[in-house]
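>
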Ligand SMILES: *Cc1c(COP(=O)(O)O)cnc(C)c1O
């Protein structure tokens with residue numbers, strides 16, 4: 005590190021301590037990575053992937069073998085009956101929207117059991133204000149069960165709500181998103197699913213799986229979830245997919261989503277892959293490894309900033325269920341310093357200086373660091389910090405641990421400089 009970058013002696017000593025502390029955690033991450041990589045490889049072999057799978061189609065895209073095979077491969081990897089993976093999903097929010105509109109009908113009730121959903125879903129639900137075309141606009145009722153005092157799902161309250169409201173869809177958000185609550189492990193999700201069934205409900209259990217793919221050996225669809233969705237510019241795109249999303253789960257439900265994705269009666273049969281199949285295959289093939297690298301970056305940042313005396317969540321040794329790391333820097337000048345430092349260590353746009361801005365939807369200014377090959381990609385090293393209580397930065401990604409460590413050290417150096425240390 006010192007051969008290439010100007011890292012102070014003080015920080016270099018903290019880095020060494022942090023690296024020592026991460027050793028055993030990295031071993032655990034690597035064993036999960038290996039398991040998931042082999043699972044992916046076996047599925048590629050089972051489906052006899054060959055160069056013809058990468059051939060582009062145009063127009064309607066009928067009979068796109070590469071596209072259809074990848075759907076099957078993804079379903080197998082996720083232990084699901086069926087899946088659709090498409091570059092034509094514009095974002096994670098779009099993918100989740102297609103899934104929700106696919107399975108909900110006017111008059112249905114949706115119950116979110118993990119508190120307030122991710123910001124961009126609020127407009128989709130139309131639960132705070134009238135939004136044209138939202139689920140509320142189509143007559144879908146929404147309610148939520150708040151998280152317990154410890155930030156974990158409140159199982160007794162969930163059981164109560166299920167019995168009282170008899171929802172058609174129960175919604176779980178796995179990742180912490182940009183809050184300080186813990187992300188949900190596969191075991192936690194299994195407990196929620198069991199609670200729903202024990203309450204006598206046969207509601208569709210849907211999981212927002214963003215940031216969670218390949219973090220553990222299993223996925224939500226293997227422990228009771230009926231449907232899940234995620235974004236390809238996060239974990240499952242492996243840093244290679246240029247855009248897109250996936251939906252996986254029960255066959256009848258994936259079919260409903262496919263009808264909503266294109267047209268009822270047409271569904272998954274259309275949709276030209278244009279030439280993106282190869283990137284989607286390579287992305288999935290690399291995804292377990294890349295997710296492991298991002299996890300190592302998160303664990304390292306957690307260890308380094310602990311050594312620097314800051315609060316972090318999760319702590320270095322805590323079990324993880326997503327790739328997000330929150331660091332409590334306590335002051336807005338440190339948040340700005342962190343993001344500027346991280347940006348200066350990015351492979352793309354390192355020469356740019358991020359500034360706080362009035363981001364739509366936020367009452368306070370937000371600063372972001374992102375120097376990625378894919379715009380907005382958050383499987384690449386990136387950070388966001390709203391300049392408000394609790395003055396935390398949320399960091400995620402890193403295509404490889406070595407360069408992520410360099411970026412994190414540059415962020416740390418700027419934070420130390422803030423305090424003239
Ligand atoms: C990223 C994310 C989404 C989708 O966000 P997009 O920016 O639309 O891709 C939804 N839920 C969670 C928890 C997320 O992390």
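Residue numbers (this note's numbering): 5 to 425.
The beta carbon of each residue, even a glycine, is placed where N, CA and C say it ideally should be.
Source: prediction; values computed, not measured.
1. Kindly examine ligand 1 and report whether one of its heavy atoms sits closer than 8 Å to the Cβ of residue 215.
2. Could you check whether the segment 286-306 touches the segment 240-253, counting it as contact only if at least three pairs of C-beta atoms, one from each stretch, sit closer than 8 Å?
3. Relative to the C-alpha of residue 352, which candidate in 307, 379 and 337 has its C-alpha closest?
4. Do you know offhand how far residue 328's Cα is from residue 389's?
5. Quick one: Cα of residue 116 to Cα of residue 424, how far?
6. Give a single yes or no on whether residue 179 has its beta carbon closer than 8 Å to a heavy atom of ligand 1.
7. Please state if the CB of residue 258 and the CB of residue 231 are separated by a distance shorter than 9 Å.
8. How would you write the range of the alpha helix (DSSP H) that residue 11 sits in, first residue to last?
9. Can you give the beta carbon distance from residue 325 to residue 216, rounded, assuming they're within the 8 Å contact cut?
10. Among residues of its own chain, excluding the 5 on either side of residue 396, which ones have a beta-carbon nearer than 6 Å to its beta-carbon?
11. With a CB to CB cut of under 6 Å and the five nearest residues on each side skipped, what residues in its chain are close to residue 61?
12. Between residue 317 and residue 184, what straight-line distance do the alpha-carbon atoms span, to the nearest angstrom?
13. Can you list, in chain order, the residues of its chain with a C-beta nearer than 6 Å to that of residue 198? Leave out the 5 residues immediately preceding and following it.
14. Since residue 306 sits in a beta bridge, which residues does DSSP pair it with?
15. With respect to 8 Å, is the separation between the Cβ of residue 98 and the closest non-hydrogen atom of ligand 1 below this value?
16. For the segment 173-243, which segments carrying the beta strand (DSSP E) assignment without a break, of at least 3 residues, lie completely within its bounds, in sequence order?
17. Can you tell me where the beta strand (DSSP E) with residue 340 in it begins and where it stops?
18. Should residue 241 be listed as close to ligand 1, given that the test is whether its C-beta is under 8 Å from any heavy atom?
19. Would you grab the beta carbon distance between residue 311 and residue 21 for me? Rounded to a whole angstrom, and I think it's under 8 Å.
20. How about residue 32 and residue 292: are their beta carbons less than 9 Å apart?
21. Indicate, with yes or no, if ligand 1 has a heavy atom lying under 8 Å from the CB of residue 250.
22. Between the Cα of residue 40 and the Cα atoms of 294, 355 and 315, which residue gives the shortest distance?
23. May I have the straight-line CA-CA distance separating residue 17 from residue 131, to the nearest angstrom?
24. Distance, Cα to Cα, residue 429 vs residue 28?
25. Using DSSP's beta-bridge definition, name the partner residues of residue 113.
Answer, in terms of the structure:
1. yes
2. yes
3. 379
4. 13 Å
5. 46 Å
6. yes
7. yes
8. Element bounds for residue 11: n/a, residue is neither H nor E.
9. 6 Å
10. 330 and 332
11. 68, 276 and 277
12. 7 Å
13. none
14. Paired residues: none, contrary to the question.
15. yes
16. 173-177, 208-212 and 231-235
17. That residue, residue 340, is in no beta strand (DSSP E); its alpha helix (DSSP H) goes 336-348.
18. no
19. 5 Å
20. no
21. no
22. 294
23. 50 Å
24. The shown model of the chain, from 5 to 425, leaves out residue 429, and the question about it has no answer.
25. 145
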